[in-house]
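J.: Below you'll find the structure I mean.
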Ligand SMILES: Nc1ncnc2c1ncn2[C@@H]1O[C@H](COP(=O)(O)OP(=O)(O)OP(=O)(O)O)[C@@H](O)[C@H]1O
């Protein structure tokens, strides 16, 4: 049996003593999952992502990436990551950035593949030779997404990847995301957009008060909370009033 992309057990993380952001969180992500992490502002989504990537130290528990401890350098060798508020280095051109990322990811640089993804996301070919400091926010986001998609890595971790994308680009990006499981890749991303969760994901995890209050498919979430609308199910899950 192949190793699971991500297994988290009893994870605790506090920035201040006695105030855990993650309070005994456990989660398993299976190969080919497209899992969305949702939760209110400040719920701890970015903290969870940073914990997985060992960007912050954890207080307790363990995290395994393809059966290796997340703290081991090689555990991250199968991950591509796109941070929240992504900004490529200002001194590079679009192509310079994509070639640098391909080297870092030890992936081949496919001119035709990148051209196709750029076209799908409505990023003009001229952006390749343009310095990224001249990019709009959405253009920079698209460049980061393209680097991630072309990383040839098995586990893609993205923090709010759709933020800054216009509706057309979001539509195209969701289509690209839907293709990932068929390529044997696994997707783990945070989002506030429940419509995107329904469109892309076979699983969602609702983080609230430091714990996962629900893990399962959007359909199961609606069923569990006795509603047809995912938004209402989510509100009930986090104990919020539904108007
Ligand atoms: N470096 C830090 N030092 C102290 N507290 C932090 C730090 N980073 C985050 N926090 C706190 O941890 C909590 C969770 O923050 P986090 O950024 O993980 O939430 P989030 O779910 O990603 O939020 P959002 O949806 O707004 O992006 C917040 O209360 C935040 O203030």
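Residue numbers (the working numbering): 6 to 248. For glycine and all other residues, C-beta sits at the position ideal for the given N, C-alpha and C.
Could you spell out where the beta strand (DSSP E) holding residue 18 opens and where it closes?
T.: Its beta strand (DSSP E) spans residues 11-21.
J.: Do residue 158 and residue 85 count as a contact pair if the criterion is CB distance below 7 Å?
T.: yes
J.: In whole angstroms, what is the alpha-carbon distance linking residue 40 and residue 142?
T.: If you draw a straight line from the Cα of residue 40 to the Cα of residue 142, it comes to about 25 Å.
J.: When you compare the CB positions of residue 30 and residue 16, do they come within less than 7 Å of one another, or not?
T.: yes
J.: Contact check, residue 125 vs residue 181 under 8 Å by CB: the rounded distance?
T.: Residue 125 to residue 181, Cβ: 6 Å. Contact.
J.: Extract the residue ranges of the alpha helix (DSSP H) inside the stretch 119-190, only unbroken runs of 4 or more that lie entirely within it.
T.: 142-154, 172-184
J.: Taking 5 Å as the limit, name every residue whose beta carbon sits nearer than that to some heavy atom of ligand 1, in sequence order.
T.: Cβ-based neighbours of ligand 1 within the cut-off: 20, 26, 46, 47, 48, 49, 50, 51, 52.
J.: Would residue 89 and residue 35 qualify as a contact pair, given that the criterion is a beta-carbon distance under 7 Å?
T.: no
J.: Following the continuous beta strand (DSSP E) through residue 223, name the residue where it begins and the one where it ends.
T.: Residue 223 -> not in any beta strand (DSSP E); alpha helix (DSSP H) instead, spanning 223-229.
J.: Only counting the same chain, and skipping five residues up and downstream in sequence, which positions put a Cβ closer than 6 Å to that of residue 147?
T.: 126, 128
J.: Going straight from the alpha carbon of residue 190 to that of residue 66, what length do you get?
T.: 26 Å
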